[in-house]
Each structure stands twice: as structure tokens, then as C-alpha cells.
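Same order as they appear, the protein sequences are chains A and B. The opening position of the first sequence corresponds to residue 8 in this note's numbering, with each subsequent residue numbered one higher. The opening position of the second sequence corresponds to residue 8 in this note's numbering, with each subsequent residue numbered one higher. The structure appears right after this line, and notes come after that.
2 protein chains.
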Amino acid sequence: RIKASGLKLQLCTNETQATRENFVRKLRAMGFDISVAQVTAPAPAACRLLRERGLRPHLLVHDDLVPEFAEIDKTNPNCVVLGDAAENFTYANLNEAFRLLIGMEKPVLISLGKGRYYKETDGLKLDVGAYMKALEYACDIQAEVVGKPAKRFFESALAELGVPPEQAIMIGDDIVSDVGGAQQCGMRALQVRTGKYR
Amino acid sequence: RIKASGLKLQLCTNETQATRENFVRKLRAMGFDISVAQVTAPAPAACRLLRERGLRPHLLVHDDLVPEFAEIDKTNPNCVVLGDAAENFTYANLNEAFRLLIGMEKPVLISLGKGRYYKETDGLKLDVGAYMKALEYACDIQAEVVGKPAKRFFESALAELGVPPEQAIMIGDDIVSDVGGAQQCGMRALQVRTGKYR
């Protein structure tokens, strides 16, 4: 329907459990005709930020996301990048990320989103935002969020589309990440009552 | 020295990795002549609160603390009690506690302290406060803290001593839990630069 209408589509995802390539492969298998260029995701946004500022990350992310950071120097880390690490959110890994941060003169925590929770087939799961808050509190710092609802994230999606914010509409199920973030950029937004909507 | 001086001593601990009995046993083995009655700890304070309000807890605490809750009805939980669960802070256990909370009409989270981190022989560790913040954020709620720096906690220690706050001094290494909490009760407080002090 969207393709036939001639409307442009850009997918803004906070998916950080897979590379864009794998994410698109999954969607195509479900019947969605979408390309990697149509996906705006936090990991590439984080890579741009790391390069701009000469940051070398310690990654606390999902194993499947690591390839997105292949080109980035990760020796002698001077920041922590936090994604939805899922099973990698172990007590040991959280303590390790914390120790690195608290040992920095000025701790830099980059978070690939700040979602509270999401729904999987086996139930609700804590999202990256909860773990971000844990590290923020322990280190008395504020994380920099590069996924939704960061303004810059929506702006780069609009740039991909070549469309001004007032001609775009954001559709999502998260009132903060999707709706709030888009509205902050001057876009209209629509909350769908599916997925994790309660 | 303190014993010889005739000064009264009450140990206010946020230790939630062991029962008071085991905690005292450890201290006595180190040469400290102290009794269980001289220890004010969060778990018994939580039990009092649970009884008063007819709450049945789901426990996310250290295995060694569980005996403190032996007398408490834990069937069909209507609140979550969070302690420094250490190795029990697994992804699965955190998701379970979260799901229970988010499924309650009015989620009740009772936290046995809100420390940021502490030091062990193998390095710094995230303390219960960090995990409390994670659950608070995910559920959009505020936890009730029953350990230090809660005012009521210091008041019950003073009651044990039978001493008014202005005649007591709190000595500790944590500026928030120890010093801040005591000052809020009208006690003087002294921060020692040992332990986790940085």
C-alpha cells in the first residue's frame, strides 16, 4: 500500500540486537520489501559520533551487533557504548562496564536508545534504557543517547528521505522514543496500539 | 577502645548479602566483639514493613539473605523486595522482577538500600541502588528504601541505643547513605576516607 501510494518510507529502528543487514534480511523474509539504505539505526549513528570525537569504545552490546563496529578502534577504551545486550547483560559484564566508566577522568557513556522495555514472544524484557539508568546512577553521569528519541537521529532519517519534518509522519508504538522524539523535530507522530502498547 | 570508653555502639549496615547472624559471625572472626542486637540491618526493617502493610514479597536478594524472610508469606507476590543480589542479578531474574512489577495495578518496589557501588577484594561492584534505578525507570515508579539513608532506619538504630540524635555520631565511608542519612535525623556524621572512598 505504501509503495503503491508513492510515499517515501524510512524505517527508524532502535534495534540493536542485529546488524542492519540481518535486520533487513529478517524483514524481507517476513515479506517486507525494504533495503538497508531505508533503515536508520543507532549503531551506525554511534560509529559516526565515535569517529568525530576520536572515542574508542568498550562495547556492552548484543553479540550480533558487534560487526557494525568492525572498523572502530576498540583498544584502550575511553568510553562505553551500551546497546540492548540481552543475555550479555550479566552481573560480570555490568560491573566491568561500570569499572571502566568510574575509572575515567570524565566518564563517557553512549547509549543506543533509552527504551524502558519491549515485548518478545516469551514476555516483556527490560530494554537498554533501564541498564543505562543503572550505570548513570552508579557513576553520577548522564548518558548520551544516539538512537530514538534523540533529535539528531530523526534528522538523519529525514535527510535520507530528503523530506522536511512538516511533510513527514512518524508511526510507532512507543510514546517517548517514537512519538516524543519525532515531535521534538517538528514532525507529526502517530502511536499505534500494537506491540508493547498497554 | 570504644568498649573501654563506655560509649554505646550500634552498627548500621546496609549489608544484604548475609543474615545478621552470619554477618556478626564474620565480624567476630575478625576480632570485633559485637552481638546481633548491636546490628541494625535492612532485611529486618523490610520484614516489619511487609507485615505492617500485608505485603507478600517476590525476593530478588542474595541467597544468603533469604533466611531473614523465612516467616514472611511469599505466595502470590504483591511487591518486589530488592537487595544486593550480586550473582543473582541475572538478566532472567531482573526481567522476572520487572514483569511482576509492571503487572501490578500499583507496583510496589522495596529496596534494601540505594548505594551506588561498593568495593570488594576483586574490585568495585554495582550496588543495589543501580538495579533499583533500572527497575524504577522501566516501571516509571519510585522505590521505597528501607536501609540507609532512610530516616526511619537511623531512628530505629537510635532507639536501640536509647540515645537522642544530637548525642550520637555516625561514622561511615558513604557520603549519601551514611553521612547524608544521619544528618537528616539530626545526628552529626563523619566520613572516613577508607573503603570505597575515592
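Here a beta-carbon is modelled for each residue, glycine too, at the ideal position from N, C-alpha and C. Being a predicted model, the structure only gives us computed values, none of them experimental.
Simplified DSSP assignment, three categories, for residue i
| i | result |
| --- | --- |
| A:Ser-163 | helix |
| B:Gln-190 | helix |
| B:Val-9 | One point to set straight first is that residue 9 of chain B is Ile, not Val, in the sequence displayed. Helix at B:Ile-9. |
| A:Gln-17 | coil |
| A:Ile-178 | strand |
| B:Leu-56 | helix |
| B:Pro-171 | coil |
| B:Lys-126 | strand |
| A:Lys-132 | strand |
| A:Val-31 | helix |
| A:Ser-42 | coil |
| B:Pro-74 | helix |
| B:Met-37 | coil |
Same chain only: Cβ atoms within 7 Å of residue i, ignoring 5 sequence neighbours per side
| i | result |
| --- | --- |
| A:Gln-149 | Glu-143 |
| B:Gly-202 | Lys-126, Asp-180 |
| B:Gly-136 | Gly-120, Lys-121, Gly-122, Arg-123 |
| A:Pro-84 | Arg-63, Pro-64, His-65, Leu-107 |
| B:Glu-173 | Gly-193 |
| A:Glu-162 | Cys-192 |
| B:Pro-74 | Thr-26 |
| B:Ile-182 | Gln-198 |
| B:Ile-9 | Leu-16 |
| B:His-69 | Thr-23, Gln-24, Gly-90, Asp-91, Ala-92, Ala-93, Asn-95 |
| A:Met-111 | Asn-85 |
Local Cβ density within 10 Å of residue i, reported as buried at 16 or more and exposed below that
| i | result |
| --- | --- |
| B:Ser-42 | exposed |
| B:Lys-158 | exposed |
| A:Lys-121 | buried |
| A:Thr-26 | buried |
| B:Ile-178 | exposed |
| B:Leu-89 | buried |
| A:Glu-151 | exposed |
| A:Met-139 | buried |
| A:Lys-132 | buried |
| B:Asp-147 | exposed |
| A:Ser-7 | Look at the range of chain A in this structure, 8 to 205, and you will see that residue 7 of chain A is not part of it. |
| B:Pro-171 | exposed |
Opposing strand residues paired with residue i [DSSP bridges]
| i | result |
| --- | --- |
| B:Ile-117 | B:Val-88, B:Glu-151 |
| A:Gln-198 | A:Gly-179 |
| B:His-65 | B:Val-87 |
| B:Thr-47 | B:Cys-19 |
Contact list for residue i against chain A, beta-carbon separation under 7 Å
| i | result |
| --- | --- |
| B:Ala-145 | Arg-123, Tyr-124, Leu-133, Ala-137 |
| B:Leu-108 | What B:Leu-108 touches in chain A: nothing, since even the nearest Cβ is about 10 Å away. |
Same chain, Cβ closer than 6 Å to residue i, five either side skipped, listed in chain order
| i | result |
| --- | --- |
| B:Glu-167 | Gln-17 |
| A:Ala-145 | Phe-105 |
| B:Phe-30 | Glu-22 |
| A:Gln-190 | Ala-196 |
| A:Val-115 | Cys-86 |
Proximity test, Cβ basis, 8 Å: residue i and chain E
| i | result |
| --- | --- |
| A:Ala-157 | As a matter of chain content, chain E is missing from the structure shown, whose protein chains are A and B. |
Sequence-distant residues of its chain with Cβ nearer than 8 Å to residue i (five each side left out)
| i | result |
| --- | --- |
| B:Arg-58 | Ile-79 |
| B:Asn-100 | Leu-67, Ala-92 |
| B:Phe-160 | Cys-19, Thr-47, Pro-49, Ala-52, Val-153, Gly-154, Gly-188 |
| B:Asp-71 | Gln-24, Ala-25, Thr-26, Asn-29 |
Residue i Cβ short of 7 Å to the ligand ZN heavy atom set
| i | result |
| --- | --- |
| A:Ser-12 | Ligands in the displayed structure: none, and consequently the ligand ZN is not present. |
Contacts that residue i makes with chain A (C-beta to C-beta distance below 8 Å)
| i | result |
| --- | --- |
| B:Glu-94 | Tyr-98 |
| B:Asn-102 | Gly-130, Leu-131, Lys-132, Leu-133 |
Partners in chain B for residue i, counting only beta-carbon separations shorter than 7 Å
| i | result |
| --- | --- |
| A:Asp-130 | Looking at the sequence shown, residue 130 of chain A is not Asp but Gly. Per Cβ cutoff of 7 Å: Arg-106. |
Interface residues of chain B facing residue i [CB-CB closer than 8 Å]
| i | result |
| --- | --- |
| A:Ala-141 | Leu-133, Ala-137, Tyr-138, Lys-140, Ala-141 |
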